[in-house]
Amino acid sequence: MGKRIVIALGGNALGNNLPEQRIAVTQTAKAIVDLIEEGHEVIISHGNGPQVGMIQKAMAELTRAEPEKYIPCPLSVCVAMSQGYIGYDLQNALREELLDRGIQKGVATVLTQVEVDPTDPAFQNPTKPIGAFMTKEEAERLKLERGYNVIEDAGRGYRRVVASPRPKAIVEIQSIRDMVSAGLVVVACGGGGIPVYPTEGHQLKGAAAVIDKDFASSVLAQQVNADTLIILTAVEKVAVNFGKPDQKWLDRLTPEQARVYMGEGHFAPGSMLPKVQAAVEFAESGPGRSALITLLEKAKDGVAGRTGTVICQ
Ligand SMILES: Nc1ncnc2c1ncn2[C@@H]1O[C@H](COP(=O)(O)OP(=O)(O)O)[C@@H](O)[C@H]1O
Ligand SMILES: NC(=O)OP(=O)(O)O
Numbered sequence: 188m189g190k191r192i193v194i195a196l197g198g199n200a201l202g203n204n205l206p207e208q209r210i211a212v213t214q215t216a217k218a219i220v221d222l223i224e225e226g227h228e229v230i231i232s233h234g235n236g237p238q239v240g241m242i243q244k245a246m247a248e249l250t251r252a253e254p255e256k257y258i259p260c261p262l263s264v265c266v267a268m269s270q271g272y273i274g275y276d277l278q279n280a281l282r283e284e285l286l287d288r289g290i291q292k293g294v295a296t297v298l299t300q301v302e303v304d305p306t307d308p309a310f311q312n313p314t315k316p317i318g319a320f321m322t323k324e325e326a327e328r329l330k331l332e333r334g335y336n337v338i339e340d341a342g343r344g345y346r347r348v349v350a351s352p353r354p355k356a357i358v359e360i361q362s363i364r365d366m367v368s369a370g371l372v373v374v375a376c377g378g379g380g381i382p383v384y385p386t387e388g389h390q391l392k393g394a395a396a397v398i399d400k401d402f403a404s405s406v407l408a409q410q411v412n413a414d415t416l417i418i419l420t421a422v423e424k425v426a427v428n429f430g431k432p433d434q435k436w437l438d439r440l441t442p443e444q445a446r447v448y449m450g451e452g453h454f455a456p457g458s459m460l461p462k463v464q465a466a467v468e469f470a471e472s473g474p475g476r477s478a479l480i481t482l483l484e485k486a487k488d489g490v491a492g493r494t495g496t497v498i499c500q
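Residues 188 to 500 in our numbering are what the sequence shown lists, from first letter to last.
Below, the structure written as C-alpha cells:
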C-alpha cells in the first residue's frame, strides 16, 4: 500500500553550483518518481547550504560595489531566493520525469516560512555552515574584515557559519496539506524554511538564520501526518565508529539506542547528528512512524526494507 513520505534531500541531490544542480536534479527526480510510480505520496524538502551562501555572497558584493544603489539583503530573503532557485530546477526535473513516464501529476514549490523563537540560544552560537569551502587564510580574512563566524568543517576546509534555530511551526502548513490532498507533488520547507517570528498583529519578521533542513523536514513530516521520513544523503547507512577501523553500519536503530550512540559521540555535529536527531524526533512523534537514512539512489530499496538505516520504535 502506498505511504505518505516526506523526503529530505541532502547536498549531493543538488550539487554545488548552477550546472551541477541541473545535472543532479535529473537523477534526484528519477529516484523520487520511482517512489511515486510505486504509489507513494511524496512531499519533498531540501537543503540549501551552498546555495544560500552563494546568494548571500553575491548580494553582499553588490552592496559593497554600489552602496548608493543597493541596500544589504537580509539572510531570510537569501533563504527565500534559494528556495526559488532550487525549487525551479527541482520542479522542472520532476515535471519532465513524470511526463516521460506518462504520469499525470502536478508539481508545485511552496515558498515556505518556518517560525523560530527569536530568543533561541542558537542566535548567539552560529553553527550552520553555508557557502563554499575556504582556505584558512580566506576564512581569517573574512572574520577580520566582515566579522563573519567561520569554522573548520569536518576536515574538509573552512566555512562561514550562521545561526540555526530550531523550527517550531510551518506557516504555510495548511496550503501544503491542501496541495498534497489535491494530488500534487509538493516541494516545501526548502533550506529548512524561511526563518520568521511573529511581531505585531499578523506580521512576520525575517530572522538572520538558516534552519537545519533535517529538523524542518521532521516537523513537516509530523504536520502532514506522514508515515515515513526519508533523509537522503551521501552514505547508504548510518555507522557507529564512522571512519574508524571498527566502523559498523547500522540497519535498524530504536530511539533509545540512537540516544546512547549520540551520547557516545558517534554522529558528527552538523552532518549526521541532526539527521539522527530529526529521525528520532519523527519516530517518537506517533505510532507507526519510522525514519530512513540512506543514499538518494537507494531510496526505492530503502523503502522496500532492503537497505538504509531505519529508525523506529
Ligand atoms: N556516524 C556516521 N555515519 C555515517 N555518516 C556519517 C557519520 N558521521 C558523519 N557522517 C558523515 O555525514 C555525512 C552526511 O552529512 P552532510 O554531508 O552534512 O549531509 P547532507 O546530505 O544533508 O548534505 C555523510 O556523508 C558522512 O560523511
Ligand atoms: N538548510 C540546510 O540544512 O542546508 P544543508 O542541508 O545544505 O546544510
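Note that beta-carbon positions come from the ideal geometry of N, C-alpha and C, so glycine has one too.
### Closer than 8 Å: residue 235 CB and nearest ligand 1 heavy atom
no
### Message
Helix, strand or coil, according to DSSP, for residue 426 in the structure here?
### Response
In this structure, residue 426 counts as strand in the three-state DSSP scheme.
#### Entry: Segments of 4+ residues assigned as alpha helix (DSSP H) that fall wholly inside the segment 294-381
323-333 and 360-368
### Task
Between the Cα of residue 339 and those of 371, 456, 480 and 438, spot the shortest distance and give me the residue it belongs to.
Comparing Cα-Cα distances from residue 339 to each of 371, 456, 480 and 438, the minimum goes to 456.
#### Entry: Boundaries (first-last residue) of the alpha helix (DSSP H) holding residue 446
442-450
### Task
Please name the residue, chosen from 366, 319, 410 and 300, that lies closest to residue 271 on a Cα-to-Cα basis.
300
### Query
What are the boundary residues of the alpha helix (DSSP H) that includes residue 244?
236-252
### Message
Judging by CA-CA distance, which residue of 435, 490 and 240 is the nearest neighbour of residue 416?
### Response
490
### Message
Judging by CA-CA distance, which residue of 363, 352, 348 and 264 is the nearest neighbour of residue 309?
### Response
352
### Task
Over the uninterrupted alpha helix (DSSP H) stretch that includes residue 400, give me the two end residues.
Per DSSP, residue 400 belongs to the alpha helix (DSSP H) from 400-410.
### Query
So, helix, strand or coil for residue 413, using DSSP?
coil
### Query
Is the closest heavy atom of ligand 2 to the C-beta of residue 401 under 8 Å?
yes
### Task
Grab me the residues of residue 408's own chain with a C-beta within less than 6 Å of its C-beta, minus the 5 sequence neighbours each way, in chain order.
193, 416 and 469
### Query
Starting from residue 205 and walking both ways along the alpha helix (DSSP H), at which residues does that stretch end?
205-224
### Query
For residue 266, which option in 425, 242, 461 and 342 has the closest C-alpha, if you only look at C-alpha atoms?
242
### Task
Measure the alpha-carbon distance for residue 281 versus residue 220 and round it to whole angstroms.
If you take the alpha carbons of residue 281 and residue 220, they lie about 7 Å apart.
### Message
Using a Cβ-Cβ cutoff of less than 7 Å, which residues in the same chain neighbour residue 477 once the five nearest sequence positions on both sides are dropped?
### Response
415, 470, 497, 498 and 499
### Query
By the 10 Å Cβ neighbour count, where 16 or more other Cβ atoms means buried, how is residue 366 classified, buried or exposed?
Residue 366 is buried by the Cβ-count criterion.
### Query
Does the segment 346-361 come close enough to the segment 383-398 that 3 or more CB-CB pairs lie under 8 Å?
yes
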